[in-house]
Amino acid sequence: MASGAATPGADASKPVGRPGRKGGVSVERIVDVAVDVLADRGVDGLTTAEIARRLKVSQPTLYSHVSNLNEIRSRTAIRGMIELSGRVRGAVRGLEGDEALRAMAYAYRGFVRDHPALYMLQQRAPSTPEFWEAANEAASAVRDVLRAQGLSEELISHVHLVFRTSIHGFVDQEINDAIPDVSDVDASFELFLRFFIDGVSRLVTD
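Residue numbers for the sequence shown follow our numbering, so the first one is -1 and each next one is one higher.
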């Protein structure tokens, strides 16, 4: 695991490589532009050449702030993870029970629908300690919702895995237009939620 709750060390504005600001360009600004490029051109369109063009600087100027494209990809994915966890936490604030589970699922799906390419990048991003810290925060946002349902820690691990794999499969097919023969995708999502919420309720009462 698609919206914040930033964690220490997972802030995309704090450089891992070369810090500083030169000529009005900063690591945070590079990530801002990378998010825009993803929205316009998708994951394969995210290149240092395109980022430099939009910033109206040379590629060597970019490299005075970041090491390479992989660093940009990792930082941008971290930005997405932070937003995802923030969306989940914000959506469930003040809610409990079935309403919290429903809000969590819709927040996750909403993030992916708003930022499909950013979500895809999160699945492919280079593995760094900072990325995994942000990913763990996103997972913690979901686990905290499950914990509030009264599940044991062991069950939380299992249910989180079921939720993560199920909703990822759904939204991945949705953003890739890979859901065949379904006239109402929202109805399908509601059906998934019914199965998930009913399953959690049974685990709590067993």
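Don't be surprised by glycine CBs; every beta carbon is placed ideally from N, CA and C.
CB contact flag (residue i, residue j, <8 Å)
i	j	result
E135	S83	yes
V29	R77	yes
A115	V55	no
R162	I154	no
Through-space distance from residue j to residue i, alpha-carbon basis
i	j	result
L53	L159	40 Å
R122	N68	10 Å
K20	Y104	Note on K20: pLDDT 46, under 50, position unreliable in the model; the coordinate value appears next. Distance between the alpha carbons of K20 and Y104: 40 Å.
V180	A139	31 Å
L149	R111	29 Å
G43	R200	45 Å
E188	V64	43 Å
E94	E151	18 Å
V157	V198	8 Å
V35	V25	15 Å
A32	N66	13 Å
Beta-carbon proximity list for residue i, same chain, < 6 Å, skipping 5 on both sides
i	result
R107	V169
R192	none
R89	This sequence places Ala at residue 89; Arg is not what is there. Answer for A89: A101 and A105, listed in chain order.
V143	V90, A98 and M102
Own chain partners of residue i with C-beta closer than 7 Å, once the 5 adjacent residues on each side are dropped
i	result
F190	S164 and F168
Q171	I177
A75	L119, Q120, A123 and F129
L60	I28, T46, I49 and A50
Where residue i falls, given that 16 or more other Cβ within 10 Å makes a residue buried
i	result
S72	buried
H113	buried
G57	For the record, residue 57 in the displayed sequence is Gln; it is not Gly. Exposed, since its Cβ has fewer than 16 Cβ neighbours within 10 Å.
V183	exposed
R85	buried
V202	exposed
R87	buried
A185	exposed
A47	exposed
Proximal residues to residue i (C-beta, below 8 Å), its chain only, five neighbours per side dropped
i	result
D204	none
R27	L53
A37	H113, A115 and L116
Every unbroken alpha helix (DSSP H) within the stretch 34 to 98, with a cutoff of 4 residues, ordered by chain: 46 to 53, 57 to 60 and 67 to 90
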